[in-house]
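Numbering (my numbering), first residue to last: 108 to 232.
Report on the following structure.
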């Protein structure tokens, strides 16, 4: 079982290969998800402080940012042998999300980008 209805979870799941069966709602609606399907990714969103703009992270509640926030209304189980999934833990995602994607060695992004685009004109004999 990847997700159990009404059991808190602190990870998102990406199906890379195989199939996952999802059962949801009062009617127990069944659906099968295949490769590149995402489940529980809302848990990866940063928490917001009451009264802040939508693009402002809630930094004063840092402790809460690592606590489980997904309370699924569905059950998800693997249905194929060799199913390959990527589980992304909330705490790890938030920790790495804050890391810079590009190390510019102290240069501004524009300066680093310009430096990368210039061809190397040095020749060696």
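Glycine included, C-beta positions come from ideal geometry on N, C-alpha and C.
Fair warning: this is a prediction, and the values are worked out from it, not measured in the lab.
Item, Value
"Pick helix, strand or coil for residue 178, following the three-state DSSP scheme.", "coil"
"According to DSSP, is residue 108 helix, strand or coil?", "coil"
"Check for me: the beta strand (DSSP E) holding residue 140 runs from which residue to which?", "136-140"
"Flag this pair as touching only if the stretch 131-139 and the stretch 193-207 have three or more C-beta atom pairs under 8 angstroms; answer yes or no.", "no"
"Can you name the start and end residues of the beta strand (DSSP E) that residue 201 belongs to?", "That residue, residue 201, is in no beta strand (DSSP E); its alpha helix (DSSP H) goes 197-204."
"Using the three-state DSSP reduction, which class does residue 116 fall into: helix, strand or coil?", "strand"
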